[in-house]
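**Q** So that we are looking at the same thing, I have put the structure below in structure tokens.
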Amino acid sequence: MRLTEFHRLVDDEFGRDSSAFLLDTHVLAEFGATPAELLVGGEEPKRVWEALCRDFRVPKERWLGRDESGS
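Just so you know, we're using this note's numbering here: the sequence shown kicks off at 354 and counts up by one.
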């Protein structure tokens, strides 16, 4: 997963206005660090995204983002 895709998923799920705050302040249970710290430290965006989804109990069907196919 590219970093741009990660940020799109976070914005879509949590809202563009809240996503930056969330990435800077929420400490992920399984890592003991914020998503921003993890990404700067080189963690794979996909692992960070999945950890966010688990922490916030995002339904699995939304882990891949919005279906924009129009169907």
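C-beta: ideal position from N, C-alpha, C; glycine also.
Any idea if E358 is buried or exposed, counting beta-carbon neighbours within 10 angstroms, 16 or more meaning buried?
**A** Exposed: under 16 other Cβ atoms inside 10 Å.
**Q** What's the call for A382, buried or exposed, on a 16-neighbour Cβ count within 10 Å?
**A** A382 comes out exposed.
**Q** Thinking just about the alpha-carbon of each residue, which of G368, M354, L417 and D408 is nearest to the one in A386?
**A** Of the listed residues, the one whose Cα sits closest to A386 is D408.
**Q** Can the beta-carbon of P398 be found less than 8 Å from the beta-carbon of L405?
**A** No, the pair does not count as a contact, with Cβ atoms beyond the cut-off.
**Q** With 16 other CB atoms within 10 Å as the buried threshold, where does L362 fall?
**A** So L362 ends up on the buried side.
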